[in-house]
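Residue numbers (the numbering used here): 36 to 104.
Here a beta-carbon is modelled for each residue, glycine too, at the ideal position from N, C-alpha and C.
Remember, it's a predicted structure, so these values are computed and weren't measured experimentally.
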């Protein structure tokens, strides 16, 4: 595995971890401090981050099976 691949795996892991933390904060901590509309906005952002993180994970998994020349 190349060094740049290791870096991208770390980036995806960090994005996944922040997604979980932000989702938990939106579900448990944010609702007491702000309006329901703002909570919906944050949850939508977390959902977008989840899909993008999964897409990056899929590309990295595919690339690790088929290394570029």
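- Below 8 Å, too few C-beta pairs join the region 90-100 and the region 53-70 to call them touching: fewer than three.
- Just measuring C-alpha positions, the residue of 99, 87, 78 and 101 sitting nearest residue 47 is 87.
- For residue 101, no alpha helix (DSSP H) encloses it, and the DSSP letter there is neither H nor E.
- For residue 90, the closest of 43, 37, 39 and 38 by C-alpha to C-alpha distance is 43.
- Cα atoms of residue 74 and residue 101: separation of roughly 41 Å, rounded to the nearest angstrom.
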